[in-house]
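In the UniProt record's numbering, the protein residues as written are 1 to 180.
Notes follow once the structure below has been shown.
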Amino acid sequence: MSEKLPDAPPHPYASSKLAAEMGIEAQCRAGHLAAGIIRMLNVAGGADPDPTRLVPRALAAAAGQSVLAINGPGTAVRDYLHITDAADAFVASLEHLPAVGKAERYNIGSGSGKSVLDVVAAVERVTGRRVPLEHRPPAAEPIALISNSSKARSEIFWTPKHSDIDEIVRDAWRTSFVAR
């Protein structure tokens, strides 16, 4: 996904994020501020406050707390970003703000996609435990969502350093389950 794609949010949550971006851009055009708008997909790698996301659900299943329910065959692909890389992107955008009156949108991601089953395999490698699965009917969702971060790399000099899926899972496992 590139920043150049037309704005066409597929669901209400995406519409709310776009509305926030448009509000920021309006304030910039009015000359009130400058902004670097960071767009991220699947942030993980730490203690996750949302237990409904894939990485914490897979870790909970590995810990014996549940069975991991997945939609369809588990082939949907997403771009996973380590929380540390996400934080670095915010810092980089602040260090390279555009001129007052401008807003720039930056997609932030690892640039490589992992399927649901890839994430499950990483959880099993990292934890040494099996993840019990329950396959549900396929959901109406995109087959793949992968971020194109080339604009962030060239304009704010950001690059992911910690977004290998095993590192993401290892850090999430340590902060969410091993520390308990």
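From the three backbone atoms N, C-alpha and C, an ideal C-beta is built for every residue, glycine too.
Since we're looking at a predicted model, the values are computed, not measured.
Item                                                                                                                                                               : Value
What residues in its chain sit with their C-beta under 7 Å from that of Trp173, if we drop five residues either side in the sequence?                              : Leu59, Val126, Thr127
Who are the Cβ neighbours of Ala35 in its own chain at under 6 Å, not counting the five residues just before and after it?                                         : Ile24, Cys28, Ala103
My guess is that Ile38 and Tyr80 are in contact by the Cβ rule of under 8 Å, so how many angstroms apart are they, rounded?                                        : Their Cβ separation, rounded to whole angstroms, is 16 Å, which puts Ile38 and Tyr80 out of contact at 8 Å.
Would Lys114 be called buried (16 or more neighbouring beta carbons within 10 Å of its own) or exposed?                                                            : buried
Specify the secondary structure class of Glu167 as computed by DSSP and reduced to three states.                                                                   : helix
In chain order, what residues of the same chain have a beta carbon less than 8 Å from the beta carbon of Pro51, not counting five sequence neighbours either side? : Arg57, Ala60
Here's the rule: buried if 16 or more other CB atoms are within 10 angstroms of the residue's CB, otherwise exposed. What is Leu68?                                : buried
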